[in-house]
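Visitor: The structure follows.
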Amino acid sequence: MACRECTHRNLYASLRGMTDHCSLAAALAMCAAAGVAVLCAPECRAQQPAPAHRERGNLVFENIPLADAALMARLERYQQSRQATFLDWLADGSLLTATRFGDSEQLHRVAAPLGMREQLTFYEDPIEWARAPRSGSGFVFLKDQGGDENAQLYYHGGGGVRQLTHGAFIHGSPVWAHDGRRVAFYGNDRDSLSYDVYVADVSSGAAPQLLVGGHEDTWYPLDWSADDGRLLVWKYVSISESYLYLADVATGSLTALEDRPRKVGIRMAKFAPDGRGVYVLSDEDGEFIQLKLKDPVTHESRSVTPASGWDVEDFDVSSDGRYVAYVVDDDGRSRLTVLDTQAKLELAPVGLPEGRIGNLRFDRSGHRLALSAESAVAPRDVYVYDLEHGKLERWTRSEPGALDLGTLTTPEL
């Protein structure tokens, strides 16, 4: 999971808008990642004189020469290709995606494979993240104002948008309860330093209530139990040290998931659909990140993914618990596997790009898996894997702009 979505999105947006040497370096890095060699034009070797001091908004440039305009024009085409990112399933079975058609990334609805992208949000600022409830309609999304990095939570439902959080604070990681009324999220409203867990009732419009917090700790909400009585929360200390707790939603009291908590690096976790276990992605067995199923009562655990010598990066579990989908970083490329726990089979869709896969999410029926996939020779797009029919369908086809995809090459490690 991405815990501080706002920071990463705003950093990217800032880099994308720069036209001096900072953006030149960023563009070169993007081209290198796509396997494209970019040669400096002869005219760029003789830099034009630039003022010793320049300001552009919050950016201050000291003794940095101007980038060559001709070279910047050549690199621009690598930054203008579109991409689509899968975010969630909507109540009617359509997909909630993020795409940049204008100056910023906005939310769109896609109702069918390769169907029209219906734009849902229209802001100057980019949308940073969005989540839809597992029951009911509408969705919540995160957005700041003018790049101030104070990400606020909004509810989009019934044709209108309502702001749920306010102030010069940071919010993120929205997680819906099963009742479709409440959403948990993190925020630093209490002291501007700590990340606490809040719960907002979007149906009542009441102010969010503090559930878990204290001192200068960092807490993130991960998942709600099947009866919505408990919230799985993550106490993050560092990349190699974090702990899981069960928070009583009525009282805020905490119970450690482990009877003897150990210092391990946790990446993500969620309840098993039957409520009798918790799936945890961590490095507790050694160097590599693996997926385990833990029993919070007996404190026993079993491995779900086989030891492969590679990290498990992402996972999701179907609503009936039958399917477990996970992605492994296999020598720099993502490899998707879907475990059929009833038939004891490993399923793998054919036709995904050879590159990066992420944002796994089953639909409400548990029979379709949506994801984002991209490669060095194709922009990011959204795919759906139908497990009942063993069929992979592409739902978006992003325009590469001025790029000729036939000239791009796949890098090798």
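Here the sequence shown stands for residues 38 to 450, numbered as in this note's numbering.
Every residue, glycine too, gets a C-beta built ideally from N, C-alpha and C.
#1: For my contact list, Gln143 and Phe159 are in at a C-beta cut-off of 8 Å; report their separation, rounded to the angstrom.
#2: Assign Asp351 to buried or exposed, taking buried as 16 or more other Cβ atoms, counted over all protein chains shown, within 10 Å of its Cβ.
#3: Thr292 lies in the beta strand (DSSP E); which residues open and close that run?
#4: Using only CA atoms, which one of Arg137, His404, Arg154 lies nearest to Gly165?
#5: Quick check on DSSP: helix, strand or coil for Arg339?
#6: Strictly by DSSP, which residues pair up with Pro310?
#7: Let's see if you can read the secondary structure: which residues bound the beta strand (DSSP E) around Gln189?
#8: Leaving out five residues on either side along the sequence, give the residues of the same chain with a beta carbon under 8 Å from the beta carbon of Arg370.
#9: Quick one: grab the DSSP three-state call for Met305.
#10: So, does the segment 399 to 411 touch the segment 104 to 112, judging by three or more C-beta pairs under 8 Å?
#11: Using the Cβ count rule (16 or more neighbours within 10 Å means buried), how would you classify Val97?
#12: Opposite Ala410 in the DSSP bridges: which residues?
#13: Only counting the same chain, and skipping five residues up and downstream in sequence, which positions put a Cβ closer than 8 Å to that of Asp162?
#14: If you follow the beta strand (DSSP E) that Tyr280 is part of, which residue opens it and which one closes it?
#15: Near Asn100, which residues of its chain fall below 6 Å by C-beta distance, leaving aside the five closest residues on each side in sequence?
#16: Output the distance between the C-alpha atoms of Phe178 and Arg304, rounded to the nearest integer angstrom.
#17: Let me know the secondary structure DSSP gives Glu161 once reduced to three states.
#18: Rounded to the nearest angstrom, what separates Arg299 and Pro258 at their Cα positions?
#19: What separation, rounded to the nearest whole angstrom, lies between the Cα atoms of Ser172 and Asp125?
#20: Please report the residue range of the beta strand (DSSP E) in which Phe98 lies.
#21: Just the Cα atoms here: how many angstroms apart are Met109 and Ser118?
#22: Specify the secondary structure class of Leu132 as computed by DSSP and reduced to three states.
#23: Spatial neighbours of Trp213 within its chain, please: C-beta separation below 7 Å, excluding the five flanking residues on both sides.
#24: Look up Arg267 in the DSSP assignment and say whether it is helix, strand or coil.
#25: Less than 8 Å between the CB atoms is what I'm expecting for Asp233 and Val249, so what's the real figure, rounded?
#26: Measure from the alpha carbon of Ala260 to the alpha carbon of each residue in His215, Gly251, Ser241, then state which is nearest.
#27: Taking the CB atoms as reference points, tell me whether His193 and Gly204 lie closer together than 8 Å.
#28: Can you list, in chain order, the residues of its chain with a C-beta nearer than 7 Å to that of Leu328? Leave out the 5 residues immediately preceding and following it.
#29: Can you tell me whether Tyr110 is helix, strand or coil according to DSSP?
#30: I need the straight-line Cα distance from Ser345 to Asp368, nearest angstrom please.
#31: DSSP three-state label for His404, please.
#32: Which of helix, strand or coil does DSSP assign to Val387?
#33: Within this structure, are the beta carbons of Ala121 and Val421 separated by less than 8 Å?
#34: Would you please state the rounded distance, in angstroms, between the beta carbons of Val301 and Glu324? I believe it to be under 8 Å.
#35: From the DSSP secondary-structure annotation, give me the bridge partner or partners of Phe352.
#36: Are the beta-carbon atoms belonging to Leu127 and Arg431 less than 8 Å from one another?
Guide: Let's see:
#1: 7 Å
#2: buried
#3: 291 to 293
#4: According to the sequence provided, residue 165 is Glu. The question's Gly does not apply to it. Of the candidates Arg137, His404, Arg154, the one whose C-alpha sits nearest the C-alpha of Glu165 is Arg137.
#5: strand
#6: Pro310 is not bridged to any residue.
#7: 189 to 194
#8: Glu391, Gly392, Arg393
#9: strand
#10: no
#11: exposed
#12: Ile394, Asp418
#13: Ser141, Lys180, Asp181, Gln182, Gly183, Gly184
#14: 278 to 285
#15: Ala89
#16: 22 Å
#17: coil
#18: 20 Å
#19: 13 Å
#20: 96 to 99
#21: 15 Å
#22: strand
#23: Arg168, Pro170, Arg171, Val220
#24: strand
#25: 6 Å
#26: Per the sequence presented here, residue 260 reads as Asp, with Ala not at that position. Of the listed residues, the one whose Cα sits closest to Asp260 is His215.
#27: no
#28: Tyr316, Leu318, Val341, Thr342, Val349, Phe352, Tyr363
#29: Note that residue 110 is Ala in the sequence shown, not Tyr. Three-state DSSP puts Ala110 in a helix.
#30: 11 Å
#31: coil
#32: coil
#33: no
#34: About 12 Å; that fails the 8 Å criterion.
#35: Tyr363
#36: no
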